[in-house]
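Residue numbers (the working numbering): 4 to 298. The structure appears right after this line, and notes come after that.
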């Protein structure tokens, strides 16, 4: 079995630099099982090719990848360490475990945000086919941007705060396509030069609310930026799966309702821009028709 962490970090001292609170009485191979899960999750976002290309670089992208791998590995390993401590009769409380996991996940998301931002903002030469940024642009998430209306994290954040999370933005691209296919895409087809100034802001806000509503029903609460996660009272205390699910469904319903109200306003804008001429039988006369006026 490939020792993933040794390949990426080299030694435990380097690993510790990216993951606070790492036990010094372990070795990197001890964490390999959890690292396999972490690597799979990261590759699902950036692809195997980008992972390999970033691993071969130096500087900011490699630091971000290492931080993401280290913290996600420890978040996965935490449950096994907790069980081992209980077997050795070491007291550990649930709120401590939850706080540690949230800390690791927060570090993971921040690292992935930095990595994806770096990949997205790099200039790629026309004949570049092997750099990490070029490979990222050929990945499934980036390719699907051409079918979206909100095409970067900055636009999304301006409509609905997501802490400029590039990871969250790219993770919701499939949801955005779904929303456009269901209903909102029709409204974008009705945008013209005459109504775009009043219609596009309504559609943009309606779209992001629909996207987040879908995400609330499908993502774990820990996957959301803090600006959304803080809406859940249980996010700062011990987690309760039932409570968090109920809060998520409630917020999703609220956002769906707000989105529908925005689309009703969009209907009003479209109605105001329609022709107000009354249709009569003479409306369909051809220019060549002879019309005889009687005295």
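For glycine and all other residues, C-beta sits at the position ideal for the given N, C-alpha and C.
Could you give the DSSP three-state label for residue i: helix, strand or coil?
{"i": "residue 8", "result": "helix"}
{"i": "residue 204", "result": "helix"}
{"i": "residue 51", "result": "helix"}
{"i": "residue 99", "result": "helix"}
{"i": "residue 240", "result": "Confidence is the limiting factor: at residue 240 the pLDDT is only 46, short of 50, which leaves the residue's position unreliable, though a coordinate-based value still follows. Three-state result, residue 240: coil."}
{"i": "residue 23", "result": "coil"}
{"i": "residue 61", "result": "coil"}
{"i": "residue 189", "result": "helix"}
{"i": "residue 69", "result": "helix"}
{"i": "residue 256", "result": "helix"}
{"i": "residue 32", "result": "helix"}
{"i": "residue 131", "result": "coil"}
{"i": "residue 233", "result": "coil"}
{"i": "residue 145", "result": "helix"}
{"i": "residue 152", "result": "coil"}
{"i": "residue 197", "result": "coil"}
Residues in its own chain within less than 6 Å of residue i by CB, not counting five upstream and five downstream?
{"i": "residue 266", "result": "209"}
{"i": "residue 142", "result": "50"}
{"i": "residue 144", "result": "173, 176"}
Can the beta-carbon of residue i be found closer than 8 Å to that of residue j?
{"i": "residue 103", "j": "residue 81", "result": "yes"}
{"i": "residue 224", "j": "residue 251", "result": "yes"}
{"i": "residue 11", "j": "residue 58", "result": "yes"}
{"i": "residue 42", "j": "residue 7", "result": "yes"}
{"i": "residue 217", "j": "residue 183", "result": "no"}
{"i": "residue 36", "j": "residue 71", "result": "no"}
{"i": "residue 169", "j": "residue 161", "result": "no"}
{"i": "residue 69", "j": "residue 21", "result": "yes"}
When you compare only the Cα positions, how much space is there between residue i and residue j?
{"i": "residue 154", "j": "residue 207", "result": "11 Å"}
{"i": "residue 228", "j": "residue 108", "result": "11 Å"}
{"i": "residue 274", "j": "residue 198", "result": "11 Å"}
{"i": "residue 54", "j": "residue 105", "result": "24 Å"}
{"i": "residue 46", "j": "residue 176", "result": "17 Å"}
{"i": "residue 237", "j": "residue 204", "result": "Its pLDDT being 49, under 50, residue 237 is placed unreliably in this model, and the coordinates cannot settle the point."}
{"i": "residue 146", "j": "residue 173", "result": "11 Å"}
{"i": "residue 158", "j": "residue 137", "result": "22 Å"}
{"i": "residue 52", "j": "residue 9", "result": "19 Å"}
{"i": "residue 192", "j": "residue 33", "result": "55 Å"}
{"i": "residue 190", "j": "residue 269", "result": "8 Å"}
{"i": "residue 16", "j": "residue 120", "result": "27 Å"}
Note down, in chain order, each residue of its chain lying with its Cβ closer than 7 Å to the Cβ of residue i, except the 5 sequence neighbours on either side.
{"i": "residue 221", "result": "none"}
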